[in-house]
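Everything below concerns the one structure shown next.
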Amino acid sequence: MSTYANEYRRSIDQPEAFWAEQARRIPWFTPPNTILQYDDSGHARWYVDGELNICHAALDHHVEQGRGDQPAVLWDSPVTGGKRTLTFVEMRDQVAQFAGALKGLGVEKGDRVVIYMPMVPEALIAMYACARLGAVHSVVFGGFAPHELAVRIEDAAPKVVVAASCGVEVDRVIPYKPIIDQAMVQSTHRPDACVILQRQQQPAELGPIDHDWAALVEQAAPADCVPVKGCDPLYVLYTSGTTGKPKGVVRDTGGYAVALHYSMETIYDMAPGEVFFSASDVGWVVGHSYIVYAPLLRGCTSVVYEGKPVRTPDAGAFWRLISEYQVKSFFTAPTAFRAIKKEDPAGKLLAQYDISCLKALFLAGERLDPPTFHWLDDMLAVPVIDHWWQTETGWPIAANLQGLELMPTKAGSATVPVPGFDVQILNREGQQAGPLQQGSVVIAQPMPPGCLVGVWGDPQRFNSAYMAAYPGYYLTGDGGYFDEDGYLFIMGRTDDVINIAGHRLSTGEMEEVVGSHPAVAECAVIGIHDALKGQLPVGLVIPKDGFDGDELALEEELIALVRERIGPVACFKQVLVVDKLPKTRSGKILRKLLRTIADGKEYGIPSTIDDPASLQDVHEVMVHREVGAAHASRQV
């Protein structure tokens, strides 16, 4: 058997022995004797009797091992012109001091703290300070609307809110304090205190329950690490796109620490002392896992970037960071590179930088479309690795395992399941699908360490949302298939499969064809209601910068291309050229919302949207081109 096959089989056939071995590689206060246990609902619980503190494992432990003077965090902020380096000992000391400040405000083990911060080192310090005390943090993306912040405060019921006075974007400063004040008014839960990090771009006026970060820290005594059980919660993270009552994914401490440490070595091939860069935000799961916790657990240096892939100052921003900080592995979302490809389609800006330090590029967040994969693969001399995971899993489900056995890449595939994840494809009858047969992607119990252990305050929702559809399996909500070589292809959310006159077709496949056209920078294909055939596909495309051809001719070429590659059965007859596609701040195209607009249904502006104006732009194009019933829809 290959190295991968042997390790994967061990993880599935002997999960307790496999994960006991991995647990011995991180520092525990009390090593676990019970490796795997099932709760009353049959869900896996890992390391329930072990004791540790993830802050100790990520900071204090490395200082004790002689890494105190090594950089832990490299902060780079082109939007403010700021740069900072924090060593492991500096991080440990500042975290201990801020933990002491929180302790002085009454925060204890099990209490919740909501963190509402931009991409600054203090965001990481606040998260680690909560972990140091055994408190549960809930990070909300800085800039979320007051209502959305309010419902998260109401659900998590924090003792303290930690925030910055403002966030800084490419072309504006966003004051956070008015948002927080409005959220406090709207929430039925009232925190005891709010700690504000004053930023010089726009300091905030403090109210009766507010405390200045610097003044509070100056008066505080450092706090020690509080031991917690392996199964104790580390954080609650609300999934993007929630409506009504928010869905807070609960992450445990021990399983998460073990899984992240394992992934840094096995998937990302990172050794202590090396530099890892994830271009995400601490408000998303990627930020939690691969900016804040995983790199430091492994003894690596983490780059924290307050900027964009483009316009800060240009589409060469990532190449500069990789070169300047000698990044070994880089991780971002496909949408970031589609934005770069749009502005610099020939990759001319790359030539300005020496990125020979880079050994691998990892992409996740949504499907890596083959055109973007080929663009990157042709331009870079390193493996371009598509890997797939979710907020709920906390770390990758499928990947090309750079640190274990690098396999040949296949465009459109996330390669193979990661050890620990028993990934299967089930058809609509709940039976195993054969090679090349699409179905629902599920994960057989037990889920490996690091995955969600519940939905905050709502155990029934955990079961109904993830476990009820196929008993014994976790439902990912994605559709896909395995090919004859065992490679996994994720084709998108199951609701992105459309039914055209009885034929089930993947919009992901159509997007792959549309995106292969040399003039297309980015695209989305959605299914809209049709009285005759049930659904029909509509393509929305953004041309590359510099495109000066005829838009109608481009649309005709794309229609012909889909007809040629997929066939007339796709009924692909309408393409719209748009300036922008509505996306979440984490880069996912809001396809469900696009369908809602096209079908003429009422819609609201979701809290997770990056550019609300993009919705109106797309709506106007749909109305002008008489797409579906878009003319009848109206914004809520």
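The sequence shown begins at 1 in the UniProt record's numbering and counts up by one. The beta-carbon is built from N, C-alpha and C at its ideal position, and this holds for glycine as well.
Within the same chain, and ignoring the five residues on either side of Trp28 in sequence, the residues whose Cβ sits closer than 6 Å to its Cβ are Gly50, Leu52. When C-alpha distances from Ala220 are compared across Gly106, Val310, Cys231, the shortest belongs to Gly106. Under the three-state reduction of DSSP, Lys342 is assigned to helix.
Contact check for Arg493 and Asp478: beta-carbon distance about 6 Å, within the 8 Å limit, so the pair qualifies. Membership of Ser11 in the alpha helix (DSSP H) is indicated by the continuous run 3-13.
Remark: three or more beta-carbon pairs, one from each stretch, lie closer than 8 Å, so the stretch 327-338 and the stretch 585-599 are flagged as touching. Spatial neighbours of Thr312 in its own chain (CB-CB distance under 7 Å, excluding positions within 5 residues in sequence) are listed in chain order as Pro78, Val79, Val170. Taking C-beta separations shorter than 6 Å and ignoring five residues to either side along the sequence, the partners of Val139 in its chain run Ile115, Val282, Gly283, following chain order.
With a threshold of 16 other beta carbon atoms within 10 Å, Glu564 falls short and is exposed.
With a minimum length of 4 residues, the unbroken runs of alpha helix (DSSP H) contained wholly in the stretch 354-384 fall at 370-379. In the three-state reduction of the DSSP assignment, Ile490 falls in the strand class. Taking Lys573 as the centre and dropping the five residues before and after it, the same chain places the C-beta of Ile559 closer than 7 Å to its C-beta, in chain order.
Its chain contains Gly347, Leu350 as the residues whose beta carbon lies nearer than 8 Å to that of Met379, once the 5 sequence neighbours on both sides are disregarded; these appear in chain order. Considering only Ala204, Leu475, Gly420, Tyr293, the residue with the shortest C-alpha distance to Ala17 is Gly420. DSSP, read as helix, strand or coil, puts Ala468 in coil.
Here Gly486 is exposed: its Cβ has fewer than 16 other Cβ atoms, across all protein chains shown, within 10 Å. Under the three-state reduction of DSSP, Ile35 is assigned to coil, being neither helix nor strand. Measuring C-alpha to C-alpha distances from Val618 to each of Asp599, Asp610, Pro582 identifies Pro582 as the nearest. Per DSSP, Cys451 is not a residue of any beta strand (DSSP E), being assigned neither H nor E.
Taking 3 residues as the minimum length, the beta strand (DSSP E) runs contained wholly in the stretch 234-281 are 248-252, 275-278, in order along the chain.
Taking Trp46 as reference, the option from Gly546, Leu59, Gly255 with the minimal CA-CA separation is Gly255. In the DSSP assignment, Cys166 falls outside any alpha helix (DSSP H) and lies within the beta strand (DSSP E) extending over 166-168. When rounded, the separation of the alpha-carbon atoms in Ala398 and Val418 is 5 Å. If you check the CB distance, Phe373 and Ala315 do not come in under 8 Å. Inter-residue distance for Asp224 and Leu133 is about 8 Å (C-alpha atoms, whole angstroms).
Residue burial is scored here from C-beta neighbours: Gly439 has at least 16 other C-beta atoms within 10 angstroms and is therefore classed as buried. It is roughly 7 Å from the alpha-carbon of Met510 to the alpha-carbon of Val525. Per DSSP, the unbroken alpha helix (DSSP H) holding Asp93 starts and ends at 88-104.
Following the DSSP letters along the chain, one finds Lys580 in no beta strand (DSSP E), marked with neither H nor E. Sequence-distant Cβ neighbours of Ile566 in its own chain, meaning closer than 8 Å and more than five residues away, are Leu505, Glu509, Met510, Val513, Phe572. With a cutoff of 8 Å on beta-carbon distance, Asp386 and Ala360 are scored as not near each other. Pro233 and Lys342 have their C-alpha atoms spaced approximately 42 Å apart. Per DSSP, the continuous alpha helix (DSSP H) segment holding Ala317 begins and ends at 317-325.
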